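Residue numbers (this note's numbering), protein chains in the order written: chain E, 1 to 223; chain Z, 1001 to 1281.
Here it is, written out as structure tokens:
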């Protein structure tokens, strides 16, 4: 019974969005000039989806709180890290809530310190580390062992130089048509575009099949 | 010599990290003038699209980036907002990406708008974050049909209907151009905005994601695109205001040079090690 109800809701919701998109906004005059009857309900349906997804987002922190509280109560290994997480979670919630409510300047300072001083700095640093990983990977993995690797390396060098002013500086003495940025643009606009189109067609075909299975409830996950 | 080169094959990566750090710091500390090539077709497309917006037109900006892609997206947002302010075009900002995005957008746009004499609520609005975890397609579609139902207050909590600018923006038809700046803009913007309503859409994306969108530039489904810091630098050259994009593209030059040099060093070391191995055998 419950599976059937879930299937009905899934099918009905999918049908609504599919028909709303496929049906014209307005039929031609010779067909009566009828407006799409589903379109007025789209904003409300989307608001419903937004509320449901917000509830789902809340599940993550709730699960984490339950898990780490359990670790602390049962005195398991890693309880110190769990305690630190819970303290920071509570402080962040209080700081963010009070910062928006204009209660006291201390909360604004705390919020700025936690968000810009800690969270933003950590996040940006972890992304910045990618630059170092890239250089290390280029040293270890970009090895020209055969013709294909050589071609890939050559195109990578052209695109890397073509995307930055260094390439313009290196080839500034050459005629315009021979400058590296034009070569980079050609690689991206011609062979890359063709391959991207082929990949997109394949991906879209697979996504369509997977979506269709989910919508009709015939996928393995729905059994 | 060959033995020395062979040691490059097993170079301690810490030396590479040190060299990379030095190479990246130099252009940020010392301003190195470099020639700027002409703008690419994608950058020029966005510039022309903004130039084509009439003086009383309104532009919608979806600024969905956060600290992770700030190094490229911030400059891309800055240069376009500066151009809009130069032309006295009003704009509405939304964020469909992460919950942090509105704050970064506010901090980036506020000084530029204030310098241009823009009044918040009249000339520009930050409509804040729209939860899109359930999927971008329904949210984009619903935003296009009825902005006020999906986003009922701005980032400061002011009811959206109370803002003078938002009295003129109810649907996507009230907007002349949509500019999406994020790590990897979703092609659903093209399907549901350009495809359904014919409103031009442009992207600002990280340079590593740009190859995915060249198909849309080619088919003219995207009117323009800023590719990483280079795109921002080209745009700043077009509006004659070199700023963050120009500076960061210099740093990107040195970063890319580090990658190329590391690959060359690795290959030299591999060849030398192979030859040394053959001679030993």
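Quick reminder that beta carbons are idealized off the backbone N, C-alpha and C, glycines included. Computed from a predicted structure; not experimentally measured.
Check	Outcome
Taking CB distances under 7 Å as the criterion, tell me whether residue 1221 (chain Z) reaches chain E.	no
Report yes if the C-beta distance between residue 1049 (chain Z) and residue 1224 (chain Z) is below 7 Å; otherwise report no.	yes
Going along the chain, which residues of its own chain have a beta-carbon closer than 6 Å to the beta-carbon of residue 118 (chain E), five neighbours each way excluded?	none
Alpha carbon to alpha carbon, what distance is there between residue 54 (chain E) and residue 187 (chain E)?	42 Å
In three-state DSSP terms, what is residue 1194 (chain Z)?	helix
Looking at the unbroken alpha helix (DSSP H) that takes in residue 201 (chain E), where does it start and where does it end?	191-216
For the structure I just gave you, are there three or more beta carbon pairs, one from the segment 1009-1029 of chain Z and one from the segment 142-154 of chain E, closer than 8 Å?	no
If we ignore side chains and look at the alpha-carbon of each, how far apart do residue 1192 (chain Z) and residue 1140 (chain Z) end up?	7 Å
Flag residue 1017 (chain Z) as yes if its beta-carbon sits less than 7 Å from any beta-carbon of chain E, otherwise no.	yes
Answer yes or no: does any C-beta atom of chain E fall closer than 7 Å to that of residue 1020 (chain Z)?	yes
Quick check on residue 146 (chain E): does DSSP put it in helix, strand or coil?	coil
Ends of the beta strand (DSSP E) at residue 1205 (chain Z)?	1201-1205
Taking the alpha-carbon positions, what's the residue 1272 (chain Z) to residue 1262 (chain Z) distance?	15 Å
Looking only at its own chain, which residues have a Cβ that is under 7 Å from the Cβ of residue 1268 (chain Z), when we skip the five neighbours before and after it?	1005, 1008
Got a sec: is the Cβ-Cβ distance from residue 14 (chain E) to anything in chain Z below 7 Å?	no
Taking residue 28 (chain E) and residue 36 (chain E) to be in contact with their CB atoms under 8 Å, please state how far apart those CB atoms are, rounded to whole angstroms.	Not really, about 13 Å apart at Cβ, beyond 8 Å.
Name the chain E residues that come within less than 8 Å of residue 1275 (chain Z), Cβ to Cβ?	Here the premise fails: no neighbours, minimum Cβ distance about 15 Å.
Please report the straight-line C-alpha distance between residue 1171 (chain Z) and residue 1135 (chain Z), rounded to a whole angstrom.	20 Å
Hey, would you say residue 95 (chain E) sits closer than 7 Å to residue 110 (chain E), going by beta carbons?	yes
Can you check whether the CB of residue 22 (chain E) is closer than 7 Å to the CB of residue 38 (chain E)?	no
Can you give me the start and stop residues for the alpha helix (DSSP H) that residue 2 (chain E) sits inside?	2-22
Distance cutoff 7 Å, beta carbons only. Does residue 139 (chain E) sit that close to anything in chain Z?	yes
Expressed to the nearest angstrom, what Euclidean distance is found between the alpha-carbon atoms of residue 1080 (chain Z) and residue 70 (chain E)?	50 Å
Since residue 1215 (chain Z) meets chain E, which of its residues come closer than 8 Å, beta carbon to beta carbon?	193, 196, 197, 200
Using a Cβ cut-off of 8 Å, which residues of the segment 1233-1252 of chain Z contact any Cβ in chain A, in chain order?	The chain inventory of the structure shown lacks chain A, comprising the protein chains E and Z.
Return no unless some Cβ of chain E is closer than 7 Å to the Cβ of residue 1076 (chain Z).	no
Less than 8 Å between the CB atoms is what I'm expecting for residue 1160 (chain Z) and residue 46 (chain E), so what's the real figure, rounded?	Contact doesn't hold; Cβ gap of about 16 Å is too wide.
Please give me, in chain order, every unbroken run of the alpha helix (DSSP H) with length at least 4 that falls completely inside the segment 144-183 of chain E.	147-162, 165-170
Would you say residue 1206 (chain Z) faces chain E, with C-beta separation under 7 Å as the test?	no
DSSP state of residue 55 (chain E), grouped into three classes?	helix
Skipping 5 residues on each side, what residues in its chain have a beta carbon closer than 8 Å to that of residue 206 (chain E)?	none
According to the neighbour-count rule (16 or more other Cβ atoms, all chains shown, within 10 Å of its Cβ), is residue 146 (chain E) buried or exposed?	exposed
Per DSSP, what kind of secondary structure is residue 1125 (chain Z) in: helix, strand or coil?	strand
Can you find a C-beta in chain Z that's less than 7 Å from the C-beta of residue 136 (chain E)?	yes
In chain order, what residues of the same chain lie with their CB nearer than 6 Å to the CB of residue 1281 (chain Z), ignoring the 5 residues before and after it?	In this prediction, residue 1281 (chain Z) has a pLDDT of 49, which is less than 50 and means its spatial position is unreliable; what the coordinates show is noted afterwards. Correct list: empty, nothing qualifies.
Near residue 1252 (chain Z), what residues of its chain come up, given a Cβ to Cβ distance below 6 Å and the 5 sequence neighbours on each side ignored?	1229
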